[in-house]
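Peer 1: Numbering (the numbering used here), first residue to last: -15 to 202.
#1: Specify, as a first and last residue, the run of the beta strand (DSSP E) that residue 27 falls within.
#2: Enumerate in chain order the residues of its own chain whose CB-to-CB distance from residue 124 is below 6 Å, with the five nearest sequence positions on each side excluded.
#3: Express the C-alpha separation of residue 81 and residue 37 in angstroms, rounding to a whole number.
#4: May I have a chain-ordered list of the beta strand (DSSP E) segments no shorter than 3 residues that lie completely inside the segment 32 to 95?
#5: Roughly how many angstroms lie between the CA atoms of residue 100 and residue 161, to the nearest whole one?
#6: Please report the straight-line C-alpha distance between residue 6 and residue 84, rounded to a whole angstrom.
#7: Is it the case that the segment 86 to 97 contacts the segment 58 to 77, given that we only count it when at least three CB pairs across the two stretches are under 8 Å?
#8: Count the other C-beta atoms from every protein chain shown that fall within 10 angstroms of the C-beta of residue 149, then say buried if there are 16 or more, exposed otherwise.
#9: Is the segment 137 to 147 close to the segment 170 to 188, with three or more CB pairs under 8 Å?
Okay, here's the thing in structure tokens:
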């Protein structure tokens, strides 16, 4: 891609659409960033990835979500102003003590995807309700006896819809950065994996798992 706003050295760059889509589906709580009068504005919200027949390097995908009507950020969702959705995966500190190479410095391993597009408000109540139902279905899918919006009275749903703004964001461009010690020697990578596993915290263990999967084939 010619447009590379996120710093992505080539060895950390990931552009496989299927890999990026899977990551976004697994890490749907995002930081959505816009700008108002030159000032950055950000909201932490859940989004879901949907396929769409639109064009763009995003592979015909769109993001669906909603925000509170009291949140002024939605006023930038005019279908013309670019926004960035930041999907963050696991991250962990990597100590130079774990490397075979002696002269090294600390670093941080992490996985992230940035999605760019122009959000547009879904003003049709039926479309807004569909977004809520799909969000609920997505995040209740693993539950025993999943909750659904069918349990709510129509009057409550109408009141709820009046207090939110649903939107879609066709994906124009995706950037993936999986920084997992690709620029280190096999011995240093193995040392980092062992060190992360020994730390025992969930984020470090997940980074270690991703690294082990990446280097499983040598």
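For each residue, glycine too, the CB sits at the ideal point set by N, CA and C.
Source: prediction; values computed, not measured.
Peer 2: To lay it out plainly:
#1: 23 to 30
#2: 130, 131
#3: Residue confidence is low: residue 37 scores 48 on pLDDT, short of 50, so the model does not pin down where it sits. Its coordinate-derived value is still stated next. If I take the Cα positions, the gap works out to 50 Å.
#4: 32 to 35, 45 to 52, 67 to 78
#5: 14 Å
#6: 33 Å
#7: yes
#8: buried
#9: no
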